[in-house]
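S.K.:
Residue numbers (the working numbering): 30 to 101.
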């Protein structure tokens, strides 16, 4: 059994920040997390951010239609 996660209690807050601002940098997430009491390491937090971050391609919406004619 490993040590308890120091970052797990902050996951809901970090997830909310990433929903509000998907392009939020890992460094900014770390800064905000430290403001609200996170005292763990950068690597653990960055790994959580990587797992929570929605891939940009998954957040794109493709609209039906002939996009080639849209600008004509």
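Glycine residues also receive a C-beta, built at the ideal position from the N, C-alpha and C atoms.
Computed from a predicted model, the values in this text were never measured in an experiment.
Relative to the alpha-carbon of residue 67, which residue among 32, 53, 42 has its alpha-carbon at the smallest distance?
M.R.: What you label residue 67 is simply residue 38 of the chain shown in a count that begins at 1. When each option's Cα is compared against that of residue 67, the closest is 42.
S.K.: Alpha helix (DSSP H) containing residue 72: first to last residue?
M.R.: Working through the chain shown from its first residue, we reach residue 72 at position 43. Segment 71 to 81, the alpha helix (DSSP H) holding residue 72.
S.K.: With distances taken Cα to Cα, identify the nearest neighbour of residue 62 among 40, 49, 51, 76.
M.R.: Position 33 of the chain shown, counted from the first residue, corresponds to residue 62. Measuring from the Cα of residue 62, the nearest candidate turns out to be 40.
S.K.: Below 7 angstroms CB to CB, which residues in the same chain sit around residue 59 once its five sequence neighbours on both sides are set aside?
M.R.: For the purposes of this step, residue 59 is taken as the residue at position 30 of the chain shown. Excluding positions up to five away in sequence, the list reads 71, 74.
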